[in-house]
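Q: In UniProt numbering, the protein residues as written are 1 to 258.
Cβ coordinates follow ideal geometry from the N, Cα and C atoms, glycine included.
Given below as structure tokens:
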């Protein structure tokens, strides 16, 4: 039997969730468009009714939520009723909509799922990273502080401008025409350049062989090519902790190296 890095990472992440008392489950959401759209959300949560304050952890681009929250669920589960969903079209969650759902549609789906997850009255704290930060922001705007809050957003560039894109491409060097070309690498060369731009410990990524990088890239194919955040939007109960660019490859490689 051959050895694979990806199955090993999946096993380690799954064990971390199980050790924190979380169990996998699914919830099927009713169609909201009248066209028979099917939406199923896979999530991890402790069994039974919440006995602690609920905390929803929303992942970023990547293969599945377990990879990105494996180090947090243990400590957080001591004080919160942790709920970790796979966003629609990620991991084991699915949606029949076309084109794939926007961050606003993702937020609506999670809000539709909340009654089944925590009941209708509970106020839910939300933390989102990378793309999950955009979804958390959209949830807060849609539901308001009575239902969603507090909200923590990490590694989500909500305030990015065209000037920021230009500065990023300048740092990336020649050969790139759009930030997506750098942030969603198609080969090992592009992935290594992304690591040079994003990792503090650059030597860690440089030590990885190409076959490991290619394995990671196989499971981090983004269903989305762009994000649209409403301009001039505000939400007083959202805390923007850190503003940087993030990608699926970055999250997955970080899970492997950290």
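So what does residue 83 bridge to, in DSSP terms?
A: Here residue 83 is taken as the residue at index 83 of the chain shown, counted from 1. BP columns for residue 83 point to 56.
Q: I'd like the span of the beta strand (DSSP E) that includes residue 263, first residue to last.
A: Because the chain in this structure spans residues 1 to 258, residue 263 falls outside the shown range and cannot be described.
Q: Considering residue 190, what are the terminal residues of the alpha helix (DSSP H) in which it resides?
A: Taking the chain shown and counting its residues from 1, the one referred to as residue 190 is at position 190. Start and end: 188 to 198.
Q: Using alpha carbons as the reference points, say which of 57, 90, 97, 74 lies closest to residue 17.
A: Indexing the chain shown from 1 puts residue 17 at position 17. Residue 74 is the option with its Cα nearest to residue 17.
Q: Closer than 7 Å, CB to CB, is residue 122 near chain C or not?
A: Going by chain labels, chain C is absent from the structure shown, which holds only one protein chain.
Q: To the nearest angstrom, how far is it from the Cα of residue 27 to the Cα of residue 170?
A: Taking the first residue of the chain shown as position 1, residue 27 is located at position 27. Taking the first residue of the chain shown as position 1, residue 170 is located at position 170. Each residue's alpha carbon lies about 45 Å from the other.
Q: Tell me the residue span of the alpha helix (DSSP H) that contains residue 67.
A: Taking the first residue of the chain shown as position 1, residue 67 is located at position 67. Residues 65 to 69.
Q: Quick test of your reading: residue 29 and residue 113, contact by CB under 8 Å. State the CB separation rounded to the nearest angstrom.
A: As a position in the chain shown, residue 29 is number 29, starting the count at 1. As a position in the chain shown, residue 113 is number 113, starting the count at 1. With a Cβ gap of about 6 Å, residue 29 and residue 113 count as contacting.
Q: Could you tell me the alpha carbon to alpha carbon distance between residue 5 and residue 66, rounded to whole angstroms?
A: In the chain shown, residue 5 corresponds to position 5, counting from 1. In the chain shown, residue 66 corresponds to position 66, counting from 1. In a straight line, the C-alpha of residue 5 is about 15 Å away from that of residue 66.
Q: Is the beta carbon of residue 21 sitting closer than 7 Å to the one on residue 77?
A: By one-based count along the chain shown, residue 21 stands at place 21. By one-based count along the chain shown, residue 77 stands at place 77. Taking 7 Å as the Cβ cut-off, residue 21 and residue 77 qualify as a contacting pair.
Q: With DSSP collapsed to three states, give me the class of residue 39.
A: As a working mapping, residue 39 is identified with position 39 in the chain shown. In the structure shown, residue 39 sits in a strand (DSSP, three-state: E or B).
Q: Under a three-way DSSP split, which group does residue 162 fall into?
A: For the purposes of this step, residue 162 is taken as the residue at position 162 of the chain shown. The answer is helix: DSSP assigns residue 162 an H, G or I state.
Q: For residue 238, count neighbouring Cβ atoms within 10 angstroms of its own Cβ and tell me buried if that reaches 16, exposed if not.
A: In the chain shown, residue 238 corresponds to position 238, counting from 1. Low per-residue confidence applies at residue 238: pLDDT is 44, beneath 50, and the placement is therefore not dependable enough to give any value.
Q: With a Cβ-Cβ cutoff of 7 Å, do residue 107 and residue 142 count as a contact?
A: Working through the chain shown from its first residue, we reach residue 107 at position 107. Working through the chain shown from its first residue, we reach residue 142 at position 142. A contact, by the Cβ cut-off of 7 Å.
Q: So residue 152 is in the beta strand (DSSP E); what residue range does that whole segment cover?
A: Locating residue 152 in the chain shown gives position 152, where the first residue counts as 1. Element bounds for residue 152: 148 to 154.
Q: Could you spell out where the alpha helix (DSSP H) holding residue 107 opens and where it closes?
A: Counted from its first residue, the chain shown places residue 107 at position 107. It spans 103 to 118 - the alpha helix (DSSP H) in which residue 107 sits, taken as one unbroken run.
Q: Can you have a look at residue 194 and say buried or exposed, based on whether 16 or more other CB atoms are within 10 angstroms of its CB?
A: Numbered from its first residue, the chain shown carries residue 194 at position 194. Looking at its Cβ environment, which holds 16 or more other Cβ atoms inside 10 Å, residue 194 is buried.
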